[in-house]
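Presented below is the structure to which this report refers.
Numbering (my numbering), first residue to last: -6 to 295.
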């Protein structure tokens, strides 16, 4: 079957699933006056004729969806084009891609993982079970424990004592130079952790809260976030979490990024977060093109 028809079938399955769950489909705007400022992500910009207003292409559907959540729309999803201004491209990173994103009110990252399992089983049945998916719950693998196993030290220890991150990276042979904690974490994760991942589907959990600014911290261990990533065939397919609804804390993170990028503060997004503060929301973004690649057996989707 043509890979474009496979993607079409995936999207039909996704829409049918969420309609059956009484979700509303929303259509987020692609052009925005500002965007949430997140580390390591830069937008494409354009200028409107006549007004000379600078506009930014969405890097994910999140901004538009959260505005809808703040207005009281309830459980909702979007299938939308997203644009990211990467310095380097590859089989898993493209300037333009399609993302599914959905959110539930009165939910948590645990419940979203369970729903993601259900969605993938529905999709796989529609696709004649061409990907191996576990019958029961997908394994939940702790990043905290993986660091202990692969690097000889847990994330707990690295988060409590930053000096140990530099010592660990240096002992592993990395040049620490003027690297930040986050940069050394990325090196250890990519080279020591990610290379050992199973090809079977699993959820990676226990991410550091400090690299998860929009995620709610775990109640019993606030250095870690209520966040997960779904891996299939060794590739990250989805990234989800319980939402942080403290607008002041998120603004503080944005201000740090603003000082680096000089991009405008997204006050509309922060207003949406403020309006959501009395509820608990959880959601996830899933790369439709990456999932299509698994079903087509291709290395890149264009």
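All C-beta atoms, glycine included, are put in the ideal place defined by N, C-alpha and C.
Quick caveat: nothing in here was measured; it's all calculated off a predicted structure.
Contact check, residue i vs residue j, beta carbons under 7 Å
i           : j           : result
residue 240 : residue 97  : no
residue 133 : residue 198 : yes
residue 141 : residue 186 : no
residue 209 : residue 188 : no
residue 259 : residue 21  : no
residue 61  : residue 115 : no
residue 238 : residue 204 : no
residue 289 : residue 4   : no
residue 137 : residue 148 : yes
residue 63  : residue 257 : no
residue 110 : residue 131 : yes
residue 213 : residue 287 : no
Simplified DSSP assignment, three categories, for residue i
i           : result
residue 153 : helix
residue 285 : helix
residue 246 : helix
residue 212 : coil
residue 27  : coil
residue 34  : coil
residue 70  : strand
residue 98  : strand
residue 295 : Low per-residue confidence applies at residue 295: pLDDT is 47, beneath 50, and the placement is therefore not dependable, though the value from the model is reported in the following sentence. Three-state DSSP puts residue 295 in coil, outside helix and strand.
residue 146 : coil
residue 133 : strand
residue 18  : strand
residue 140 : helix
residue 82  : coil
residue 178 : helix
residue 168 : coil
residue 262 : helix
residue 239 : coil
Whole-Å CB distance - residue i paired with residue j, under 8 Å assumed
i           : j           : result
residue 31  : residue 222 : Rounded, the Cβ-Cβ distance is 15 Å, inconsistent with contact.
residue 119 : residue 2   : 6 Å
residue 112 : residue 10  : 5 Å
residue 48  : residue 38  : 7 Å
residue 81  : residue 262 : Actually they are not in contact, since the Cβ atoms of residue 81 and residue 262 sit about 27 Å apart, beyond 8 Å.
Which listed residue (the options) has its alpha carbon closest to that of residue i
i           : options               : result
residue 67  : 289, 282, 269 and 284 : 269
residue 232 : 290, 92, 5 and 255    : 92
residue 76  : 277, 193, 230 and 87  : 87
residue 53  : 149, 0 and 281        : 281
residue 202 : 192, 255, 128 and 216 : 216
residue 139 : 39, 184 and 63        : 184
residue 253 : 8, 152, 34 and 151    : 34
Bridge partner(s) assigned by DSSP for residue i
i           : result
residue 234 : 220 and 276
residue 47  : 40
residue 183 : Note: residue 183 sits in no beta bridge, so no partner.
residue 296 : An answer regarding residue 296 cannot be provided, because it is not within the stretch -6 to 295 covered by the chain.
residue 225 : 228
residue 198 : 135 and 221
7 Å Cβ cutoff, residue i in contact with chain C
i          : result
residue 19 : Reference to chain C is not applicable here, since this structure consists of a single protein chain.
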